[in-house]
Amino acid sequence: MKLTITTALLASAMAFFASPNEVSAAPLSTLDVWDPTITSPVTGTVWVIGTEVNVTWSTDNIPPDGVSNGGHIYLAKEEDAIISLSSNFDLVAANGSFTVTVPDVVPDNDYQIVLFGDSGNIGPSFTIVAPTS
Ligand SMILES: *[C@@H]1O[C@H](CO)[C@@H](O)[C@H](O)[C@H]1NC(C)=O
Ligand SMILES: *[C@@H]1O[C@H](CO)[C@@H](O)[C@H](O)[C@H]1NC(C)=O
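Rendered as structure tokens:
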């Protein structure tokens, strides 16, 4: 599997498939594209390498007609998805929360989570730190 994905490229590809006349990568807002808002991690969140954490998102606006059930979570840095944190999972059945293990990355304060469902959604920057012994 290819782990390095340019999220901007994916976003434009998705915008293209959803609406071929649109050239921008602006957020999609059609009824059958569900773009769940990431509610954790958010600004101020600190993840410790090697621990289990939950990625959570809002389930308020799941379209009534359902969505394709494939979800996938990536860790991103500088808006590039760098590491896959999950296998493909059922986004609807997950019901707004998915547990991941914080990968062994260089500690920094500009990591982001990308949640892919029907559309890709990137969360705010948060911090990953090394475990203290
Ligand atoms: C993650 O969610 C599960 C299930 O709701 C919960 O049992 C667990 O305590 C949560 N973990 C953290 C780190 O919040
Ligand atoms: C989804 O999560 C909400 C909030 O945690 C809970 O109230 C609800 O029962 C859950 N629904 C399902 C189908 O598990």
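Sequence positions in the sequence shown follow mature numbering (1 follows the signal peptide of the UniProt record, and there is no 0) and run -25 to -1, 1 to 108.
Where is the CB? At the ideal position from N, CA and C, for every residue including glycine.
- Around the Cβ of Pro16, a 10 Å sphere holds 16 or more other Cβ atoms; the residue is buried.
- Residue state for Glu27 is assigned as strand, using DSSP reduced to three classes.
- In this structure, Thr74 is the residue among Thr74, Glu54, Glu53 with its C-alpha nearest to the C-alpha of Asn63.
- Excluding five sequence positions before and after Pro99, the CB atoms of its chain that fall closer than 6 Å to its own CB belong to Val17, Thr18, given in chain order.
- Short of 6 Å from the beta carbon of Asp79, and not among the five residues preceding or following it, lie these beta carbons of its own chain, in chain order: Ile24.
- Neighbourhood of ligand 1, defined by CB distance below 7 Å to any of its heavy atoms: Glu27, Val28, Asn29, Ser72, Thr74, in chain order.
- In the three-state reduction of the DSSP assignment, Gly71 falls in the coil class.
- When the five nearest sequence neighbours on each side are left out, the beta carbons in the same chain lying within less than 8 Å of the beta carbon of Ala51 are those of Thr(-19), Ile57, Tyr86, Gln87, Ile88, Val89, Ile97, in order along the chain.
- In this structure, DSSP gives Leu90 an extended state, which the three-state scheme calls strand.
- By DSSP's assignment, Leu50 forms a beta bridge with Ile58, Ile88.
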